[in-house]
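Numbering (this note's numbering), first residue to last: 13 to 143.
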């Protein structure tokens, strides 16, 4: 089971609705401002919203991440975010994984969920790993 590490990359340390920007900045190891710039550029280029899933897809692909299907257990039940250590490799968890959950993005790195709130009890959706 994954640990939880409170982590807020927002430069003003705000707890606001910027999870997409925070998660992208965290997993890519770039500044908050650079992540926001990437979002704006991709949104303008492809005509999707700033926090649209497609915009995130384009950014992650640009940085060499590959989108993975939502993981399922043998009984077809969904994995919870805190259970993803059963699916991810040590290498993936060390490099960082961007995980989509319902209306939220979070990051798993070094066997911990890095976010401003604990989302480990939520069902994991698609996720992105470094190629």
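Don't be surprised by glycine CBs; every beta carbon is placed ideally from N, CA and C.
Buried versus exposed, by CB contacts within 10 Å (16 or more), residue i
i           : result
residue 34  : buried
residue 56  : exposed
residue 131 : buried
residue 50  : buried
residue 86  : exposed
CB-CB length for residue i against residue j, believed under 8 Å
i           : j           : result
residue 110 : residue 75  : Not really, about 10 Å apart at Cβ, beyond 8 Å.
residue 14  : residue 123 : 6 Å
The ligand ATP heavy atom lying under 7 Å from the CB of residue i
i          : result
residue 78 : Among the ligands in the structure shown, none appear at all, so the ligand ATP cannot be discussed.
Cα-Cα separation, residue i to residue j
i           : j          : result
residue 70  : residue 54 : 7 Å
residue 105 : residue 31 : 19 Å
residue 101 : residue 94 : 14 Å
Practice task
Could you pull out every unbroken beta strand (DSSP E) segment of at least 3 residues lying fully inside the stretch 57 to 95, listed in chain order?
Solution key: Counting whole runs of 3 or more residues, the stretch 57 to 95 contains the beta strand (DSSP E) stretches 77 to 80.
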